[in-house]
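First up is the structure itself, then whatever we jot down about it.
Protein chains: 2
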Amino acid sequence: MSPRRVTLADVAKIAGVSRTTASLVLSGRGRELRISQDVEQRVLKAADELQYRPNIVSVGLRTGTTRTIAFVSDTVATSRLAGDMIKGALEAARERGVMLFIGETEGDPELERLLLHAMHDRQVDGIILASMFTRTIRVPKGMAAIPAVLLNALPKQPSILPAVVPDEVEAGRTAVRVLLEAGHRDGIYLIGVGLGARDMPPESVAAVERLRGIREALGEAGIKPAGGRSCPDWQPEYGLDATRALLETTRPRALICFNDRLALGAYQALDDFGLKVPEDVSVISFDDHPIAAWMRPKLTTVALPHYELGRRAVDVLFEEIGRDKADPHPEGAVHRVPMPVRERQSVTPPGA
Amino acid sequence: MSPRRVTLADVAKIAGVSRTTASLVLSGRGRELRISQDVEQRVLKAADELQYRPNIVSVGLRTGTTRTIAFVSDTVATSRLAGDMIKGALEAARERGVMLFIGETEGDPELERLLLHAMHDRQVDGIILASMFTRTIRVPKGMAAIPAVLLNALPKQPSILPAVVPDEVEAGRTAVRVLLEAGHRDGIYLIGVGLGARDMPPESVAAVERLRGIREALGEAGIKPAGGRSCPDWQPEYGLDATRALLETTRPRALICFNDRLALGAYQALDDFGLKVPEDVSVISFDDHPIAAWMRPKLTTVALPHYELGRRAVDVLFEEIGRDKADPHPEGAVHRVPMPVRERQSVTPPGA
DNA sequence: TCGCATTGCTAATCCGATTTAGCAAACCTG
DNA sequence: CAGGTTTGCTAAATCGGATTAGCAATGCGA
Numbered sequence: 001m002s003p004r005r006v007t008l009a010d011v012a013k014i015a016g017v018s019r020t021t022a023s024l025v026l027s028g029r030g031r032e033l034r035i036s037q038d039v040e041q042r043v044l045k046a047a048d049e050l051q052y053r054p055n056i057v058s059v060g061l062r063t064g065t066t067r068t069i070a071f072v073s074d075t076v077a078t079s080r081l082a083g084d085m086i087k088g089a090l091e092a093a094r095e096r097g098v099m100l101f102i103g104e105t106e107g108d109p110e111l112e113r114l115l116l117h118a119m120h121d122r123q124v125d126g127i128i129l130a131s132m133f134t135r136t137i138r139v140p141k142g143m144a145a146i147p148a149v150l151l152n153a154l155p156k157q158p159s160i161l162p163a164v165v166p167d168e169v170e171a172g173r174t175a176v177r178v179l180l181e182a183g184h185r186d187g188i189y190l191i192g193v194g195l196g197a198r199d200m201p202p203e204s205v206a207a208v209e210r211l212r213g214i215r216e217a218l219g220e221a222g223i224k225p226a227g228g229r230s231c232p233d234w235q236p237e238y239g240l241d242a243t244r245a246l247l248e249t250t251r252p253r254a255l256i257c258f259n260d261r262l263a264l265g266a267y268q269a270l271d272d273f274g275l276k277v278p279e280d281v282s283v284i285s286f287d288d289h290p291i292a293a294w295m296r297p298k299l300t301t302v303a304l305p306h307y308e309l310g311r312r313a314v315d316v317l318f319e320e321i322g323r324d325k326a327d328p329h330p331e332g333a334v335h336r337v338p339m340p341v342r343e344r345q346s347v348t349p350p351g352a
Numbered sequence: 001m002s003p004r005r006v007t008l009a010d011v012a013k014i015a016g017v018s019r020t021t022a023s024l025v026l027s028g029r030g031r032e033l034r035i036s037q038d039v040e041q042r043v044l045k046a047a048d049e050l051q052y053r054p055n056i057v058s059v060g061l062r063t064g065t066t067r068t069i070a071f072v073s074d075t076v077a078t079s080r081l082a083g084d085m086i087k088g089a090l091e092a093a094r095e096r097g098v099m100l101f102i103g104e105t106e107g108d109p110e111l112e113r114l115l116l117h118a119m120h121d122r123q124v125d126g127i128i129l130a131s132m133f134t135r136t137i138r139v140p141k142g143m144a145a146i147p148a149v150l151l152n153a154l155p156k157q158p159s160i161l162p163a164v165v166p167d168e169v170e171a172g173r174t175a176v177r178v179l180l181e182a183g184h185r186d187g188i189y190l191i192g193v194g195l196g197a198r199d200m201p202p203e204s205v206a207a208v209e210r211l212r213g214i215r216e217a218l219g220e221a222g223i224k225p226a227g228g229r230s231c232p233d234w235q236p237e238y239g240l241d242a243t244r245a246l247l248e249t250t251r252p253r254a255l256i257c258f259n260d261r262l263a264l265g266a267y268q269a270l271d272d273f274g275l276k277v278p279e280d281v282s283v284i285s286f287d288d289h290p291i292a293a294w295m296r297p298k299l300t301t302v303a304l305p306h307y308e309l310g311r312r313a314v315d316v317l318f319e320e321i322g323r324d325k326a327d328p329h330p331e332g333a334v335h336r337v338p339m340p341v342r343e344r345q346s347v348t349p350p351g352a
């Protein structure tokens with residue numbers, strides 16, 4: 001027997017004015033439309049006493065704006081890593097008084113279609129299309145009908161949609177900089193990608209861009225990577241295999257692992273060969289996966305800024321929403337979010 | 001310049017009928033209201049051609065039902081563990097064609113109030129109030145206005161709200177059963193809670209109930225735990241300390257760690273003392289935290305069924321929604337979800 | 001052939017707000 | 001003091017559906 005919600009009509013009746021007047025006052029347009037102080041006060045008082053809150057569904061129907069955005073991802077909501085992305089989006093949304101719908105497509109285009117329809121049907125003000133790991137995606141058609149942003153993804157074909165992605169190239173440079181600053185110049189090996197252009201997952205933006213950053217930064221210091229080992233998948237066991245294979249032929253001074261799981265395998269291989277991190281071999285990695293802080297010694301790694309990515313996506317989305325439709329806007333801009341390094345214990349000067 | 005959405009009026013016009021008729025046909029009530037086959041076909045055809053989809057905002061305003069539920073948690077969305085809870089809820093919701101709002105209160109009652117208001121304002125059909133770890137919570141007032149379910153939480157005061165929680169008592173029994181089946185009877189120690197009633201976080205449902213299950217199951221086998229060490233917090237370092245302290249005085253045959261992080265510390269302490277898992281000491285734990293599968297040897301643990309919890313919460317919520325208001329319903333039922341054991345490599349027969 | 005029931009459909013209202021158009025009273029102005 | 005402005009507020013339309021009440025045409029029995 002829930003008491004009926006208080007409506008604008010109730011407020012108007014108590015205040016002894018019309019619904020129009022009440023609406024005007026409560027939307028702050030009372031002044032500009034010359035509502036008297038007296039009436040204004042009465043309406044405000046009534047609204048306060050009745051604890052009036054506008055029904056957003058109704059407002060949505062009338063104005064078309066629901067103060068609601070959609071966060072549609074392949075599977076982001078469930079992975080711890082990327083859960084932070086949601087958190088960032090959530091907080092940025094809350095600051096704007098906006099609610100967040102979430103949906104997971106599980107990579108299924110049909111599901112994605114249904115989900116986007118469902119969001120449309122609910123008149124969301126905007127859509128964030130997120131990917132669990134950075135990659136290029138085919139933008140579903142019909143995305144142009146509503147403001148939208150790609151998160152952790154780049155459009156496969158040119159698109160007007162803006163994108164928010166981690167700055168992987170700069171991350172590669174950062175990893176190198178950390179090693180350089182520690183004094184490393186020789187015996188720097190890569191685990192995860194080979195030095196040839198082959199053997200690199202082309203869909204993986206991370207692989208390509210991290211490598212580019214690494215090459216550039218090393219090049220600027222007049223250095224080349226001493227070698228690299230590709231891995232079929234960036235999982236610990238492959239990191240283990242690749243590092244073992246490497247250690248059978250040489251003694252590296254530093255390892256740049258392309259992600260933390262590879263680093264976990266690398267640690268193990270180094271241990272098998274009786275090599276200590278970081279005294280014998282420094283290790284730097286990417287992602288800042290939770291295990292990085294569990295590892296011993298704690299892993300120095302260039303972090304994927306998930307939280308910040310989520311926030312930025314919302315910021316950019318609201319720029320889109322606020323943009324004048326007529327505004328001639330360039331093709332979807334790519335916003336790159338810096339990847340901060342988490343300096344821990346796995347890098348030390350060579351021979352320290 | 002997005003083309004205006006197709007409305008029911010458009011369909012009606014194309015089909016050459018009134019909006020009423022179109023509505024009747026499309027809501028499946030055409031038959032019962034004697035709409036002719038001919039007209040029915042015309043409406044269906046028009047709707048199909050125009051790709052008509054009803055505007056849920058409008059339906060929401062008229063009927064009061066938005067096919068939308070809220071998932072409000074303290075911080076569940078961001079922790080990997082509990083992210084699975086969302087996933088479960090998400091999938092169960094999708095199967096019903098329902099969308100999920102998410103919100104995080106960060107444990108702030110004021111934020112929680114605002115969030116619940118915002119959900120009300122959007123006319124959600126129901127609310128799931130979730131906690132990141134199992135505990136008792138004070139049910140915010142105003143929760144009775146809308147169907148709601150407590151997830152991973154029990155009401156501090158008696159409440160009409162149903163609750164969905166993991167079956168921790170049974171989990172305790174399960175842990176014991178695994179050890180018993182492996183042949184353990186002696187030297188079973190507890191890491192995380194002492195044997196006395198003191199030193200146990202009383203808010204932690206897990207601690208109390210797991211211990212109860214353990215005691216019961218051991219008791220039924222005529223056994224008592226050989227000892228136990230409480231920890232100020234269930235973190236690896238305390239698990240390490242507690243286990244070290246234990247090992248200084250005795251040699252356990254099996255450890256029941258109250259969660260996986262404690263087990264991580266215990267592993268380390270055992271290693272420090274030159275004891276091997278599981279040959280020298282079997283270890284069983286709770287939670288199935290991601291690290292459990294990373295540990296070596298892989299940790300046998302009784303899993304928190306996050307995914308299933310999320311699903312159940314939605315199921316129970318829809319029972320609430322479907323329940324006739326007049327239906328005299330008992331006080332909020334507590335639904336206990338079984339905690340399955342993940343048998344891995346850390347338990348073996350004693351002396352194996 | 002009149003009266004009543006049935007068939008098949010539609011007009012009008014409602015949900016709860018916003019917004020447009022407009023009205024009555026007070027106020028100027030020449 | 002007629003005619004135009006300004007002031008201060010409200011009636012009515014609108015958003016897109018669901019729902020209630022009702023109407024015209026046909027069928028049927030007497």
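Residue numbers (the UniProt record's numbering), protein chains in the order written: chain A, 1 to 352; chain B, 1 to 352.
Cβ coordinates follow ideal geometry from the N, Cα and C atoms, glycine included.
Since the model is a prediction, treat every value here as computed from it, not as a measurement.
Spell out whether any CB of chain B is found under 7 Å from the CB atom of Val-57 (chain A).
-> yes
For the segment 105-125 of chain B, which residues have a CB atom closer than 7 Å to at least one CB atom of chain A, in sequence order?
-> His-117, Ala-118, Asp-121, Arg-122 and Gln-123
Rounded C-alpha distance that separates Phe-286 (chain A) from Glu-106 (chain B) = 29 Å
How many angstroms separate the CA atom of Val-149 (chain B) from the CA atom of Ala-171 (chain B)?
-> 23 Å
Helix, strand or coil for Leu-100 (chain B), going by three-state DSSP, please let me know.
-> strand
What's the C-alpha gap between Ala-293 (chain A) and Gly-83 (chain A)?
-> 17 Å
Sequence ranges, beta strand (DSSP E) only - wholly within the segment 185-255 of chain B, length at least 3 = 188-192 and 227-230
Let me know if Ser-204 (chain B) comes out buried or exposed under the rule of 16 or more other beta-carbons within 10 Å of its beta-carbon.
-> buried
Going by the CB atoms, is the gap between Val-176 (chain B) and Val-316 (chain B) shorter than 7 Å?
-> no
Contact list for Phe-258 (chain B) against chain A, beta-carbon separation under 9 Å | Correct list: empty, because the minimum Cβ distance to chain A is about 19 Å.
So does His-306 (chain B) have its beta carbon nearer than 6 Å to some heavy atom of the ligand FMN?
-> Of the ligands one can find in the structure shown there are none, so the ligand FMN has no counterpart to examine.
Are the C-beta atoms of Leu-161 (chain B) and some chain A residue less than 7 Å apart?
-> no
Does DSSP classify Pro-350 (chain B) as helix, strand or coil?
-> coil
Reducing DSSP to helix, strand and coil, say where Pro-166 (chain B) ends up.
-> strand
Residues that Phe-318 (chain B) contacts on chain A, provided the C-beta gap is smaller than 9 Å = By Cβ distance, chain A contributes nothing, its closest Cβ being about 17 Å from Phe-318 (chain B), past 9 Å.
Cβ of Leu-179 (chain B) within 7 Å of Cβ of Ala-254 (chain B)?
-> yes
Cβ-Cβ distance between Leu-100 (chain A) and Phe-71 (chain A) below 7 Å | yes
Any beta-carbon of chain A closer than 7 Å to the one on Phe-101 (chain B)?
-> yes
So Phe-318 (chain B) is in the alpha helix (DSSP H); what residue range does that whole segment cover?
-> 306-322
Is the Cβ-Cβ distance between Ile-321 (chain A) and Gly-88 (chain A) less than 7 Å?
-> no
For Lys-156 (chain A), which residues in chain B fall below 8 Å Cβ to Cβ?
-> By Cβ distance, chain B contributes nothing, its closest Cβ being about 23 Å from Lys-156 (chain A), past 8 Å.
Since Thr-68 (chain B) is in the alpha helix (DSSP H), which residue starts that stretch and which ends it?
-> First-last for Thr-68 (chain B): 68-73, but that is the beta strand (DSSP E), not the alpha helix (DSSP H).
Under the rule that 16 or more other beta-carbon atoms within 10 Å means buried, what is Thr-65 (chain B), buried or exposed?
-> exposed
Reference Leu-309 (chain A); option with closest CA among A:Asp-241, A:Ala-333, A:Glu-237 and A:Asn-152 = A:Asn-152
At least one CB of chain A closer than 7 Å to the CB of Gly-332 (chain B): is that the case?
-> no
In chain B, what lies closer than 8 Å to Leu-90 (chain A) by C-beta?
-> Ala-77, Ile-102, Gly-103 and Glu-104
With burial defined as no fewer than 16 other Cβ atoms inside 10 Å of the residue's Cβ, what is the status of Ser-73 (chain A): buried or exposed?
-> buried
Report the partner residues of Ile-284 (chain B) according to the DSSP bridge assignment.
-> B:Ile-256 and B:Thr-300
For Ala-242 (chain A) versus Arg-229 (chain A), is the C-beta spacing smaller than 7 Å?
-> yes
Meets three-Cβ-pair contact criterion under 8 Å: the segment 233-241 of chain A and the segment 265-275 of chain A = yes
Proximal residues, the segment 273-296 of chain B versus chain A, C-beta separation under 9 Å = Pro-290, Ile-291, Trp-294 and Arg-296
Would you tell me roughly how many angstroms separate the C-alpha atoms of Glu-181 (chain B) and Leu-218 (chain B), rounded to the nearest one?
-> 12 Å
Neighbouring residues, chain B, relative to Gly-265 (chain A) (Cβ below 7 Å) = Those do not exist, as Gly-265 (chain A) stays about 11 Å from chain B at its closest Cβ, beyond 7 Å.
Could you tell me the distance, in whole angstroms, from the CA atom of Arg-342 (chain B) to the CA atom of Pro-147 (chain A)?
-> 45 Å
Anything in chain A within Cβ reach of Arg-53 (chain B), meaning under 8 Å, just list it in chain order.
-> His-117, His-120 and Asp-121
Looking at the C-beta of Gly-322 (chain B), does it have a partner C-beta in chain A at a distance below 7 Å?
-> no
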